[in-house]
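For the sequence shown, the working numbering gives the first residue as 15, with consecutive numbering after it.
A virtual CB, placed ideally from N, CA and C, is assigned to each residue, including glycine.
Note that this is a predicted model, so its numbers are computed, not measured.
One structure below.
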Amino acid sequence: MMLSYVAIGFTDYLVAPRGPLHDAKYWANQTIRIASTAALPRIMKPTQVSMALVIAVFLAFVVWYYLFRTPAGYELRSVGLSPPAAEYGGIRIERKLILALSLAGFLAGIAGAGEVLGTHFRFIGRFSPGYGWDGIAGGLIARAHPIGAIFAALLMGALRAGGMQVQRSGAAPGDIAAVIQGLVIFFIIAPTLIRMLIRWRKG
């Protein structure tokens with residue numbers, strides 16, 4: 015995760031006013047607008063929902079099939095659930111870890127491309143207000159299940175959009191969305207923590 019800050023710094027350099035990819039027409043840290051033929055079409059006008067949503071749902075089902083319907087996916091889940099048991103069963107832990115990180119990076123890249131091609135139509139420096147952390151929170155809510163991640167993502171998106179709307183209206187601080195996210199995560203993982211504490215006390 016520390017490399018994320020390296021990537022942010024590198025992209026800041028690319029789109030800075032003197033950077034190689036900067037749009038000279040504007041002072042803002044951004045590239046030129048992409049070609050109209052490369053843009054993802056909007057599917058729910060006048061909102062910003064684009065074909066990126068359809069692609070994301072499709073990829074969620076692809077990941078589900080891979081994890082739960084293929085031998086390689088079974089091995090990957092085994093490493094995640096119990097690395098010692100997986101290693102005892104002959105699974106190469108290091109290789110599976112690299113595979114998992116590579117797949118996660120690929121999917122994160124697709125998500126970023128969806129923002130560029132379907133929302134902003136150009137790359138804007140630091141366009142993400144923390145989507146990666148929302149993804150981690152959504153993964154906890156979905157209990158690392160790809161199909162559950164679809165609904166968790168919709169929940170996280172609704173909370174973020176609602177928080178921004180509430181902040182604009184002045185009805186409440188925008189941070190109320192983060193508080194609700196934290197409470198949702200807490201109540202979802204609380205039963206697991208309680209079971210772990212019970213086993214620890216009995217052990």
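Go through the region 153-191 residue by residue and report every complete run of the beta strand (DSSP E) that reaches 3 residues or more, in order.
none
I199 and L154: beta carbons closer than 8 Å?
yes
Taking its Cβ as the centre, do 16 or more other Cβ atoms sit within 10 Å of K39, making it buried, or is it exposed?
exposed
Bridge partners of Q44, per DSSP?
I138
For R209, which residues does DSSP report across the bridge?
R209 has no beta-bridge partner at all, per DSSP.
At the level of alpha carbons, what is the spacing between F86 and L67?
Reading off the sequence shown, one finds Ala at residue 86, where the question assumed Phe. C-alpha separation (whole angstroms): 27 Å.
Measure the alpha-carbon distance for A52 versus F137 and round it to whole angstroms.
Straight-line Cα distance between these residues: approximately 13 Å.
Whose C-alpha, out of L90, R56 and I46, is nearest the C-alpha of S116?
The option with the nearest alpha carbon to S116 is L90.
Which residues does DSSP list as the beta-bridge partners of S64?
R56
Please identify the residue among I22, Y79, A42 and A156 whose C-alpha is closest to the C-alpha of P31.
Comparing Cα positions, the closest option is A42.
Are M170 and A151 close, meaning C-beta to C-beta below 8 Å?
Here M170 is near A151, since their CB atoms are less than 8 Å apart.
Since V77 and P160 should fall inside the 8 Å C-beta cutoff, what is the C-beta to C-beta distance between them, to a whole number of angstroms?
The Cβ separation is near 4 Å, so the contact holds.
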